[in-house]
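Numbering of the sequence shown is given in the numbering used here, commencing with residue 613 and proceeding in unit increments. Positions of the beta carbon are idealized from the N, C-alpha and C atoms, including for glycine.
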Amino acid sequence: MSQKISLTRYLVEQQRSHGHIPSELRLLIEVVARACKGISHAVTKGALGGVLGSAGSENVQGEVQKKLDIIANEVLIEANEWGGHLAAMASEEMDGIYVVPNRYPQGEYLLLFDPLDGSSNIDVNVSIGTIFSVLQKPEGPDSVTEQDFLQAGSRQVAAGYCIYGPQTTLVMTLGHGVSMFTLDREQGSFVLTGEGLRIPEDTKEFAINMSNMRHWDTPVKRYVDECLQGKEGPRGKDFNMRWIASMVADVHRILTRGGIFMYPWDKREPNKPGKLRLMYEANPMAWVVEQAGGAATDGRGRILDIEPTQLHQRVSVILGSKHEVQRVTAYHSA
Ligand code: AHG
Ligand code: MN
Ligand code: MN
């Protein structure tokens, strides 16, 4: 039987033989993975752990918080604040940044997360996840500020997600391809189950919330219309559709068998660039997808090139199989 490679061993080997990661970053990833294990445990307990339902509060984006949104946020903060590897954290569920308290040493990294992605799926027992992105604090003696977080996605040093589905799976990139780890619940550790993941460049599957069709912009409408025409239409093939309403789950499917995911700008709230958040949803996912040979744009350009101006800013997202993403993007400038 082939030997199992734990996340710890994988990271040590990445550090030792390939020089891909400094030890502080290795610690950071281990701690994020440990936090995800804790969240996975809470998710699995469901009603038995009293974690379902609404918390009765709202986050900075005006969304009602679920109990699990808050629990996951706390688990990530508590796991990460004392290790000395971080200067500060930012989250979908916190208005401003969370600076590591004075009683702990401050490290050189910044961690951003969507603690619980797919909140509408918590109570109905459908896959949800955690998304994370790691940046380096800009050099200098100054104490950490929100401005330090406003870096383009191309400057991420690590990113990934953990999906809580039939299996709990951690997917991650350090900029040298994408690796996948499955949680072995008996051992309590993540085990390497995929390396060098590749997204097929072509696909016959698209993911978009079709109920918003009447609000879409012309290029997105055109793309989906052509898919729906199937074999008889300009694409000459039949398409399948999926929409899980958890970006982690949709992206995980795309990473596994290809596809395109879109949450584009639409006319419901024309002043918002989109629904998804750039810094802790779109950027980490865009980097994972690109590292697996896919593409990610906002319809105009590469998501990873966007210079952020706000921590919670939103963005239009088109990502997945390269040729399909290129097609939708080209329709935007046609
Ligand atoms: P979150 O639960 O972190 O707020 O994110 C939900 C996001 C994303 O995961 C998903 O693709 C999308 O919202 C679903 O939106 P609709 O309910 O509008 O389809
Ligand atoms: Mn989310
Ligand atoms: Mn969330």
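Inset, instruction - Whole angstroms is fine: what's the gap from residue 912's alpha carbon to residue 735's? - result: 36 Å
Inset, instruction - Using alpha carbons as the reference points, say which of 750, 777, 685, 786 lies closest to residue 657. - result: 777
Legend entry - Distance cut-off 6 Å: residue 735 Cβ against heavy atoms of ligand 3: Taken from the Cβ of residue 735, every heavy atom of ligand 3 lies 6 Å or farther away.
Inset, instruction - Could you pull out every residue in the same chain whose Cβ sits closer than 6 Å to the Cβ of residue 940, ignoring the five residues on either side in sequence? - result: 835, 930
Inset, instruction - Give the secondary structure of residue 753 by DSSP, where H, G and I count as helix, E and B as strand, and everything else as coil. - result: coil
Legend entry - C-alpha distance - residue 775 paired with residue 670, whole-angstrom precision: 24 Å
Legend entry - Backbone CA spacing between residue 621 and residue 768 [nearest angstrom]: 23 Å
Inset, instruction - Measure the alpha-carbon distance for residue 742 versus residue 732 and round it to whole angstroms. - result: Cα-Cα distance, rounded: 14 Å.
Inset, instruction - Determine the burial state of residue 860: buried for a count of at least 16 other Cβ atoms within 10 Å of its Cβ, exposed for fewer. - result: buried
Inset, instruction - Starting from the N-terminal side, write out each stretch of the alpha helix (DSSP H) that is 4 residues or longer and does not extend beyond the region 708-796. - result: 758-761
Legend entry - the region 909-928 in contact with the region 747-766 per 3-pair CB rule at 8 Å: Flag = yes, the region 909-928 and the region 747-766 touch.
Legend entry - Contact the region 797-816 vs the region 879-890: 3+ CB pairs below 8 Å: no
Legend entry - Local conformation of residue 640 per DSSP, three classes: The answer is helix: DSSP assigns residue 640 an H, G or I state.
Legend entry - Near ligand 3: residue 704 beta-carbon under 6 Å from a heavy atom: yes
Legend entry - Local conformation of residue 852 per DSSP, three classes: In the three-state scheme derived from DSSP, where H, G and I count as helix and E and B as strand, residue 852 is classed as strand.
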